[in-house]
DNA sequence: CAACAAATTAATCATTTGATTAAATCAATT
DNA sequence: AATTGATTTAATCAAATGATTAATTTGTTG
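Chains as they are written, first to last, in this note's numbering: chain Z, 2 to 211; chain R, 2 to 211.
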């Protein structure tokens with residue numbers, strides 16, 4: 002076998018081409034509906050090369066899935082563990098960061114939702130979100146805000162579900178929203194941009210409600 | 002051909018058995034990952050009977066999908082067009098109705114999201130949500146509440162996205178939430194039950210925020 | 001019961017699809 | 001140029017899969 006670094010340029014070029022094609026097709030259609038031939042065509046390579054570089058459709062998928070999941074979730078985990086930011090600041094950063102990210106890659110949320118359904122265990126146990134979350138700065142700050150009477154609902158899961166839901170749900174329901182309202186893509190995205198300002202205001206109001 | 006009513010009992014029995022099995026498997030795995038043999042096994046019938054009664058996997062799927070979609074969406078459309086209820090009452094009814102419904106059939110939201118991705122046009126154009134929505138009582142009530150200064154954000158789409166998102170998102174993200182928090186199903190459902198009371202309070206607070 | 005249509009089954013088909021193989025090409029090294 | 005190993009291709013395989021067919025069973029009607 003050739004050592005990777007001796008032919009790195011070419012390796013990266015072909016291997017990366019396949020990976021990018023796979024990402025695109027998997028994002029759009031999901032694992033079950035994706036044909037390895039679709040990926041090969043999208044990448045402009047011979048079908049056998051896919052198996053040459055990645056052994057199987059499943060293996061290739063797992064690479065894409067793991068990269069996507071960790072990129073998407075670790076993002077928020079890091080922000081939630083920032084000691085230097087207030088709870089309020091965390092909210093605005095998460096909202097703004099996620100909305101921008103999802104507008105760039107709009108298929109990711111639905112991709113994650115769809116594929117985790119088929120295999121909840123495998124993928125979730127790879128990522129140590131459980132421990133990281135339980136000891137997060139966010140949880141401590143939330144707890145304190147509850148103690149100080151600034152937040153009514155004591156369960157931080159509601160806070161998180163609401164925050165992420167308000168951000169992500171419109172993208173997941175995008176086809177329904179666009180179809181049901183007649184909005185075009187540009188108008189939809191403008192609506193999402195508005196939410197960068199609106200969601201933090203809403204969250205603040207919700208959490209104080211009783 | 003025998004007329005349907007002459008052998009109705011048996012027809013319904015077998016045909017319905019297949020449909021119920023199809024619903025179950027499609028809900029769980031989605032169209033692409035479902036094998037007609039899975040459905041046949043689940044229904045306890047011979048594979049050929051599926052095609053005998055429904056002509057093809059696609060046709061059978063479309064029946065299930067249409068029933069599911071209209072059941073799920075028409076539900077809210079009707080509530081939104083009730084002249085006799087206030088905006089506030091509409092919120093509590095939608096929240097309560099949907100959460101109960103989804104706890105009974107937890108795979109529906111993800112099923113809809115997944116399958117509309119593969120075919121946004123076909124299915125949405127079958128349902129006349131566009132017209133019904135634009136002229137809904139809800140829209141008028143919302144408009145009035147904005148004029149009266151009771152609601153800050155004038156776009157009713159934000160209202161709807163927030164309401165439905167707060168209800169539905171936790172179910173869509175259920176595997177992630179349960180995996181990330183360690184909650185068991187029963188605890189998760191209790192959390193959802195809490196939200197029947199919480200969401201209306203939150204919505205009210207959000208809509209008045211500025 | 002005879003006759004006929006409907007319902008059901010077992011067997012099979014044709015395609016699709018993920019994967020492999022063997023040969024060909026390319027690129028670097030001597 | 002010859003050698004060697006990595007990369008790429010065309011052809012093909014075997015299994016899976018949606019669908020059909022032909023025969024059998026069941027049920028109804030005259």
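Backbone N, C-alpha and C define an ideal beta-carbon position, used for all residues, glycine too.
What in chain R is Cβ-close to residue 98/Z, meaning under 7 Å?
-> Near residue 98/Z there are no residues of chain R at all, since even the closest Cβ is about 18 Å away, more than 7 Å.
With 8 Å as the limit, tell me which residues of the segment 164-178 of chain R have their beta carbon closer than that to any beta carbon of chain Z; keep them in chain order.
-> Those residues of the segment 164-178 of chain R that come within reach of chain Z (Cβ to Cβ, closer than 8 Å) are 165, 166, 167, 169, 170, 171, 173, 174, 176, 177 and 178.
With burial defined as no fewer than 16 other Cβ atoms inside 10 Å of the residue's Cβ, what is the status of residue 198/R: buried or exposed?
-> Residue 198/R should be labelled exposed.
Residues within the segment 181-192 of chain Z neighbouring chain R, beta-carbon criterion of under 9 Å = So the list reads 181, 182, 183, 184 and 192, given in the order they occur along the chain.
What three-state label does DSSP hand residue 101/R in the structure shown?
-> Here residue 101/R sits in helix by DSSP.
Determine the DSSP secondary structure at residue 19/Z, reduced to helix, strand or coil.
-> The answer is helix: DSSP assigns residue 19/Z an H, G or I state.
For residue 182/R, count neighbouring C-beta atoms within 10 Å of its own C-beta (all shown protein chains included) and say buried if the count is 16 or more, exposed if not.
-> So residue 182/R ends up on the buried side.
Could you tell me the distance, in whole angstroms, from the CA atom of residue 20/R to the CA atom of residue 66/R?
-> About 11 Å.
For chain Z, find out if any of its Cβ atoms is closer than 7 Å to the Cβ of residue 114/R; answer yes or no.
-> By this cut-off, residue 114/R is an interface position.
State the start and end residues of the unbroken alpha helix (DSSP H) segment that holds residue 1/R.
-> Given a span of 2 to 211 for chain R in the structure shown, any question on residue 1/R remains unanswerable.
At least 3 beta-carbon pairs within less than 8 Å: the segment 172-181 of chain R vs the segment 111-121 of chain Z | Yes: the two stretches touch, three or more of their Cβ pairs being nearer than 8 Å.
C-beta atoms of residue 99/R and residue 168/R nearer than 7 Å = Yes, the Cβ-Cβ distance between residue 99/R and residue 168/R is below 7 Å.
Check the C-beta distance from residue 31/R over to residue 106/R and give it rounded, since I have them as a contact under 8 Å.
-> With a Cβ gap of about 15 Å, residue 31/R and residue 106/R do not count as contacting.
Close Cβ partners of residue 111/Z (< 8 Å) along its chain, the five nearest in sequence each way excluded | Result list for residue 111/Z: 172 and 173, in chain order.
CB residue 48/R to CB residue 38/R, shorter than 7 Å?
-> The answer is yes: Cβ separation under 7 Å.
Which first and last residues belong to the alpha helix (DSSP H) in which residue 166/R is found?
-> Note, residue 166/R: alpha helix (DSSP H), 157-173.
For residue 42/Z, which of 55/Z, 27/Z and 22/Z has the nearest alpha-carbon?
-> Looking at the Cα atoms, 22/Z is the closest of the given residues.
Partner residues on chain Z for residue 23/R, Cβ-Cβ distance less than 9 Å = The premise fails here: residue 23/R is roughly 16 Å from chain Z at the closest Cβ pair, so nothing lies under 9 Å.
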